[in-house]
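Q: Just add 710 to wherever you are in the sequence shown, counting from 1, and you've got this note's numbering.
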Amino acid sequence: MWLKPDEILLKNAFKLWVTEDDNDYFVLQRRRGYGEGGGGLTGLLVGTLDTVLDSTSKVAPFRILHHTPDSQIYWSIACGATKEEIFQHWEWLKHNIMRTLSVFDSSEDITSFVQGKIRGLIAEEGKVSLAQEDDPEKFREALLRFEKWFELPQKEKLVTYYSCSYWKGKVPCQGWLYLSTNFLCFYSYLLGAEVKLIISWDEVWKLEKTSNVILTESIHVLAHGEGHYFSMLLHLNETFVIMEQLANYSIKRLFDKESFQREPALSEPLQITKRGLETHAKSEQFRAFFRLPKEENLLEVHESFLWVPFSHFNTLGKICVSENYLCFASQDGSQCHVIIPLREVVNVEKPDSSSRALTVCVRGKRALRFSEVRDYKRLANSIRSRCGISASPQHSASIETIRGECQSLINHFDDNPEDVTLMVGQKDNNKAVSTEALMTVFHPQDVENLDPKMLKEKMKEQSWNIHFSEYGRGTSMFFTKKTRDLIVRGVPEALRGELWMFFSGAVNDMATHPGYYNELVEQSLGTSTLATDEIERDLHRSLPEHPAFQSDTGISALRRVLTAYAYRNPKIGYCQAMNILTSVLLLYAKEEEAFWLLVAVCERMLPDYFNRRIIGALVDQAVFEDLIREQLPQLVEHMTDLSFFSSVSLSWFLTLFISVLPIESAVNVVDCFFYDGIKAILQLGLAVLDYNIEALISCHDDAEAVTILNKFFDSVTNKDSPLPPTVQQASLGNNDKASHSNVDISELIREAYEKYGNIRSEEVESSRKRNKLHVIQTLEDTTKQNVLRVVSQEVKFNALQLDGLYHLFKRQHFLSCYWTMNSPALLHHDPSLAYLEQYQLGFQQFSLLFPLLEPWVLCSGKNTLSLWIFRLIDENQDGLINFREFCCALDTLYSASFTNKLKFLFKLHLPPAFNLPEDGVIRKSPERGRGKVDLQAYLKQWQDEIHKKEETIKDLPRIDQTQFIQFSKTLYNLFHGDPEEESLYRAVAHVTSLLLRMEEVGRRLQEPNGPQEPIKPTKITLEGPMADTEASTTLESSDTLSIDCTQEAGPNLPEVEWSFSFEQVLASLLNEPVIVSFFDRPVDFQIKLDQAKVAQLKLTVNK
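Listed below in structure tokens is the structure:
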């Protein structure tokens, strides 16, 4: 590796380096302790220095120095981890630089020329690979150490590195922590003690910051049941965030199959950088806080003051700009933020240089004034360019012109009130779908009704109208503490759908995708998939007591929304609980709005909730358990096992309490959810437990606790609900509810905010990331246990060996996915499939792993043999093998009898294993995704497997001439390198000759009177290392073979075709004790397994 020329004093380092070669201008040196003559005390001291010192020129075992004959100064210009690498640089210098140097007159010119040339090489080398790094020179040095110490594949991308201490037992080892795309690595070398650690991110169970008396602050990593602690980090928080991001990136990419198409910084695993990860994290945080679509990325951040008209003062905060939005969030504790879609911006005033201010005018006669913006001119130009607004005088004119434009917009809205309702200027152009909320259709408000509940409802509406007049209404409304207070008190029925759209961000999705829902409805109409079958089954189970879903109007709208979403997102499709949630959305929002609300919930607000494994819900249950331990210690003391609350609370999270609370109370919870996200559900869950804490502590078992909570939910009412009794569910409760005191939902929510409102959304997100690792790995462990339980009944490997085999098999699957987004193995990983089918290997992965485990160590021709074995054990011929098929093949080779081993080899030379194109590609891939699953076909397949008759040796077809020749070659290849090699070759030659004679005799006995044709001599030519040995055997028969030939056949006699049955081959080989003993010889599988664990990654490097 070329180095930036650095001046060194050779006299200070003569004891550490040995000169290997030199000339007038360059010196090639080797580090003491490396290569020939290395070791001893010098090697120990040098190795320790190399680990501790932060300079590759000191660490690399080889280096090249530049000097001139009349100077005592030396310059380091290159280093290398191997002799081959440094000699390439040395030869390049000799052939490209040495001749040129002779034309220079002075030493200064020579040194200047060499330095310029080396810098040019470095710049050219790092133009692509290191362009994104903060300090390319230092990063190149760290990369060299990383490659040298860990020998990972060259395409593995190093992200960053840190100096730290790793605690091995009670002793800290000072060294270097390297974080790459797929691995966490640590290296230390102190006085001969080398510590090397490599952990792949997909194996991490827990990642957390810890502290105690001994370790102070440290990072704890749990993998394979073993804890690893890293301390003495200069930037511990930064290190932890990067580790957390890499682990989360690995989980999403490998387990969730996320491709990051909208994230350029993460879409290519080979180009991941620290800066890219930080940018991605900031964008994620930005989108989550402001509820923006996934396409948005944080592009600019500016600190400024915003004039808040309702408070009449400037509030300090940050302006955040993305591709389509201008957002502001206060930092002074006022909890004020505003979201301005750039489509709503009509003008940007000419910036005021005196106060460094700019004014952004939006539709609705509103303007926002930002002051004290450092780069106010650049920000103004940026907003104009994104809005398509020209900076010409007519667009940056006087305030009177701007006011005129705003007034014309006001007049437009007065004439088109439907645009005010939508607030995004989107007209309803779809006549096929419902254009009204179901509650409006089935329970229209009676304006003349003056009962107390309706009067209170009118007062709520008046409060919100006043709020709108002060804080704005629509997409650019200010969000403040007062907004949350109004939410807690309850949202009026008439405004609920509109506010849900604003708070969730769904209004922006709908505005930027006009007509999208109509297209989805048309495209998905009449489709038949597993998702549509499940939707039809659940349609009439969705709020069946509500009049809206007792009619075709509500059922049809529900069907269209769910089917359209399943068509839009086949990865989720349809999951139970989606029908209940969508039913409530349809009650208060128009059909298209309900669709976009469902999109916001499933894809942003509750990620990973609605899939086969409901990972998101399980993660939030783990977060809930953590909060119970923190907030309700009294309950934890009584119930140490909190898994009970996980099982009880699952429906709370999946349905947002809709399934356990009466509908008129549940919608208040949904109000809070759309404003505060999952934090509102967690707070309410804690409030429910706190309200019943005394009863829960006194209960004796889980059943009693469930009864207590169910009775509590039955007693929850909404005393302010204006809905009639036919719609309310609370009135349909059990008869003994009167014995329980009713709890008002508004009071319960208010109490939840008062007691637990200090829980921060950032803490919840951090806890989600931390717990997701554990949840994913727990599910993976459950899958493993189920697979091992099934496979253990079919093979003779013990539990420990099967566990090791599963780890190797799964790792081989992921090794093919580490460095690409489009790996076939990753595309065929489907967590919703049966346990045995979740991880499968294609031929390329199989051909790398199987040779590491097969019992014949020195076997030649392994690639061809691997292909035949792969085809043989791929029972359904889909180009993929599962773990059971893999283990059964190994079990046959290690534990089966001589007859079964020979039968396995015999079948390798019969179709479908033999005589097929050797491309190893998938021929018949199972349909997945949107396709409808044929359950009857699966049941028939399982039934056939149950009743499948065990294959006997008589069922095997005969092996023909070509197949038998290859069978003999395979035996020769298996015996290659064996101590009894020569005896085994002679035995095979004897067996093949004997079989041919037997065939001739058989033909004579069957056709005694026919003319005779001598058998065609058959030569078996070996491939590979045995091609030139005397074992190349010619099988000839001195006897003649009788062939029946009629006169009509003419002079051209047909070529003789001969074949053998398995019984003949078996009987002949049983007569050769040396062959029988070869196959019966025991092989220690545990040793092979341990060797494979070490060699698996290195083999990938070599490949």
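Ideal Cβ placement from N, Cα and C applies to all residues, glycine included.
The beta strand (DSSP E) spanning Asn1057 covers which residue range?
A: Val1055 to Val1058
Q: In three-state DSSP terms, what is Gly986?
A: If DSSP states are grouped into helix, strand and coil, Gly986 belongs with the helices.
Q: Could you work out which residue in Leu1715, Leu900 and Leu868 is closest to Arg985 when comparing CA atoms only?
A: Leu868
Q: Expressed to the nearest angstrom, what Euclidean distance is found between the alpha-carbon atoms of Arg1817 and Ser1557?
A: Limits of the chain in this structure are 711 at one end and 1813 at the other, which puts residue 1817 out of reach.
Q: Do you know how far the Cα of Val1497 is from the Cα of Lys865?
A: 33 Å
Q: Ends of the alpha helix (DSSP H) at Asp1336?
A: Ile1325 to Gln1341
Q: Would you tell me roughly how many angstroms separate the C-alpha atoms of Asn1402 and Gln1796, rounded to the nearest one?
A: Approximately 55 Å between the Cα atoms of the pair.
Q: Quick one: residues in its chain with C-beta nearer than 8 Å to the C-beta of Glu1115, no 5 flanking neighbours on either side, listed in chain order?
A: A caution first: Glu1115 carries a pLDDT of 45, below 50, which makes its placement in the model unreliable, though a value can still be read off. The residues are Val1056, Asn1057 and Cys1071.
Q: Lys1163: beta carbon under 6 Å from a heavy atom of the ligand NAD?
A: In the structure shown, the ligand NAD is absent, as is every other ligand, since no ligand is present at all.
Q: Which parts of the segment 1208-1264 are runs of the alpha helix (DSSP H), unbroken and 4 residues or longer, counting only runs that do not cross its ends?
A: 1216-1222, 1226-1234 and 1240-1248
Q: Candidates Phe1000, Glu1054, Glu1005 and Leu1559: which alpha carbon is nearest Cys1030's?
A: Phe1000
Q: Do you know how far the Cα of Leu1618 is from the Cα of Gly1760?
A: Here Gly1760 scores only 42 on pLDDT, less than 50, and its place in the model should not be relied on; the value that follows carries that caveat. Computed Cα separation, rounded: 38 Å.
Q: When you compare only the Cα positions, how much space is there between Val1311 and Glu1010?
A: 27 Å
Q: Could you give the DSSP three-state label for Gln1362: helix, strand or coil?
A: The residue you asked about is not Gln; residue 1362 is Trp in the sequence shown. In the structure shown, Trp1362 sits in a helix (DSSP, three-state: H, G or I).
Q: Alpha carbon to alpha carbon, what distance is there between Gln1587 and Glu1552?
A: Inspection of the sequence shows that residue 1552 is occupied by Gly rather than by Glu. Distance between the alpha carbons of Gly1552 and Gln1587: 11 Å.
Q: Rounded to the nearest angstrom, how far is the Cβ of Leu1705 from that of Phe1770, given a contact under 8 Å?
A: 6 Å
Q: Quick one: residues in its chain with C-beta nearer than 6 Å to the C-beta of Asn1024, no 5 flanking neighbours on either side, listed in chain order?
A: Phe1015 and Trp1017
Q: Straight-line CA distance for Glu927 to Asp1336?
A: 21 Å
Q: How would you call Met1211, buried or exposed, if buried means at least 16 neighbouring beta carbons within 10 angstroms?
A: Buried: at least 16 other Cβ atoms inside 10 Å.
Q: I think Leu671 touches Ile952, with their Cβ atoms under 8 Å apart; what is that distance to the nearest whole Å?
A: No statement about residue 671 is possible, as the shown extent of the chain runs from 711 to 1813 and does not include it.
Q: Ordered along the chain, which non-local residues of its own chain (more than five positions away) have a Cβ less than 6 Å from that of Gln739?
A: Trp727, Thr729 and Arg773
Q: On the three-state DSSP scale, how would you describe Asp732?
A: strand
Q: For a quick check, are the C-beta atoms of Leu1291 and Ala1216 less than 7 Å apart?
A: When the beta-carbon positions are compared, Leu1291 and Ala1216 stay at least 7 Å from each other.
Q: From this set, Phe1596, Ile1455 and Leu946, which residue's C-alpha is nearest Ser921's C-alpha?
A: When C-alpha distances from Ser921 are compared across Phe1596, Ile1455 and Leu946, the shortest belongs to Leu946.
Q: Can you grab the Cα-Cα spacing for the pair Glu1171 / Leu1366, in whole Å?
A: 25 Å
Q: Would the beta-carbon of Ile961 fall within 7 Å of that of Ile1388?
A: no
Q: Determine the closest residue to His708 out of Thr1672, Val1784 and Arg1713, with distance taken between C-alpha atoms.
A: There is no way to answer for residue 708, as the model of the chain reaches only from 711 to 1813.
Q: Which class does His1047 belong to by DSSP, given the choice of helix, strand or coil?
A: strand
Q: By how many angstroms is the C-alpha of Glu954 removed from the C-alpha of His930?
A: 11 Å
Q: Just to check my reading of the structure: Gly1236 and Ser1456 have Cβ atoms closer than 8 Å, yes? What is that Cβ distance to the nearest angstrom?
A: Contact flag wrong, Cβ pair sits at about 45 Å.
Q: For Gln1676, collect the residues of the same chain with a Cβ closer than 8 Å to its Cβ; drop the 5 residues on either side in sequence, then sort them by chain order.
A: His1619 and Phe1624
Q: Rank Ser1293, Ile1282, Pro1561 and Glu1504 by C-alpha distance to the C-alpha of His1827 and give the top, closest one.
A: The structure shown does not extend to residue 1827, since the chain is modelled only from 711 through 1813, so no value can be given for it.
Q: Looking at Ile1469: is its Cβ nearer than 7 Å to the Cβ of Val1198?
A: no
Q: Check whether the segment 1344-1353 touches the segment 1403-1416, taking contact to mean three or more Cβ pairs, one atom from each stretch, closer than 8 Å.
A: yes
Q: Is the beta carbon of Phe1189 closer than 7 Å to that of His1047?
A: yes
Q: Rounded C-beta distance between Phe1616 and Phe1772? I'm assuming under 8 Å.
A: 5 Å
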